[in-house]
Amino acid sequence: SAVISQKPSRDICQRGTSLTIQCQVDSQVTMMFWYRQQPGQSLTLIATANQGSEATYESGFVIDKFPISRPNLTFSTLTVSNMSPEDSSIYLCSVVRQGAYEQYFGPGTRLTVT
Amino acid sequence: AQRVTQPEKLLSVFKGAPVELKCNYSYSGSPELFWYVQYSRQRLQLLLRHISRESIKGFTADLNKGETSFHLKKPFAQEEDSAMYYCALGQGAQKLVFGQGTRLTINP
């Protein structure tokens with residue numbers, strides 16, 4: 259398994275500000291992903307965090323709004339920029355080890371934008 | 010486009026009764042299907058994967074390519090099975106597309 263921590267666990271932010279969420283894994287992993295879960299909705303993939311290069315974004319998500327960093331094999335950050343109430347969601351990171359199929363999920367960051 | 014459909018948002022059954030959570034998918038290639046579960050106050054975790062064809066906590070799921078389904082079944086429900094269940098479709102590089110989820114409640 260993989261032990262994943264996310265910071266912060268929750269936050270309440272004002273409209274127009276930005277929040278950076280951290281994801282830390284206890285060991286090196288191949289793949290890291292960021293998902294969003296809006297209230298009452300399922301999980302939607304935002305992007306794949308690539309180590310040492312730009313993240314790969316899914317349709318409907320752009321780098322200016324959700325910049326992502328992955329400086330090494332155990333850490334990634336997701337920034338939610340210029341927030342609006344529609345950004346209120348749970349944001350989750352997940353990881354996959356090399357040669358494995360199972361995705362391990364972090365505990366999530368609950369963001370409320372007022 | 011890849012899509013996963015779980016038609017039931019809520020499912021309630023009595024303890025000891027059979028359980029079936031439905032999942033249908035649309036995918037142009039060879040699908041890789043998963044069931045994930047989230048118990049109360051816990052993080053999302055993998056329950057089972059279609060390729061492994063194993064039974065986890067009494068649950069099984071068979072991939073039916075003709076019906077494009079991957080229903081989750083358990084013959085005798087237990088109270089500890091109450092949770093949120095998500096069906097997911099794996100794409101290249103193991104990206105996942107999730108269904109809407111089914112909240113299963115087992116009544117005593």
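Chains A and B, in that order, give the protein sequences. If you want this note's numbering, it's the 1-based position in the first sequence plus 258. If you want this note's numbering, it's the 1-based position in the second sequence plus 9. Each residue gets a CB set at the ideal place from its N, CA and C atoms; glycine is no exception. Predicted model only: the values in this text are computed from it and were never measured.
In terms of CA proximity to residue 35(B), 11(B) leads the group 64(B), 43(B), 11(B) and 15(B). A distance of 8 Å or more separates the beta carbons of residue 13(B) and residue 113(B). Per DSSP, the unbroken beta strand (DSSP E) holding residue 115(B) starts and ends at 111-116. Interface flag for residue 105(B) against chain A is set, since a Cβ pair is found closer than 8 Å. In the three-state DSSP reduction, residue 360(A) falls in the coil class, being neither helix nor strand. DSSP places residue 345(A) within a helical segment (H, G or I) once states are collapsed to three.
DSSP lists 58(B) and 97(B) as the bridge partner or partners of residue 43(B). Comparing alpha carbon positions, the residue from 305(A), 327(A), 310(A) and 329(A) closest to residue 320(A) is 305(A). Non-local C-beta neighbours of residue 286(A) in its own chain, meaning closer than 7 Å and more than five positions away in sequence, comprise 331 and 332, ordered along the chain. C-alpha of residue 98(B) to C-alpha of residue 117(B): approximately 32 Å in a straight line. For residue 108(B), the chain A residues whose C-beta falls within less than 8 Å of its own C-beta are 300, listed in chain order.
For residue 280(A), the secondary structure class from DSSP, reduced to helix, strand or coil, is strand.
If you draw a 10 Å sphere on the C-beta of residue 362(A), you find 16 or more other C-beta atoms in it, and that means buried.
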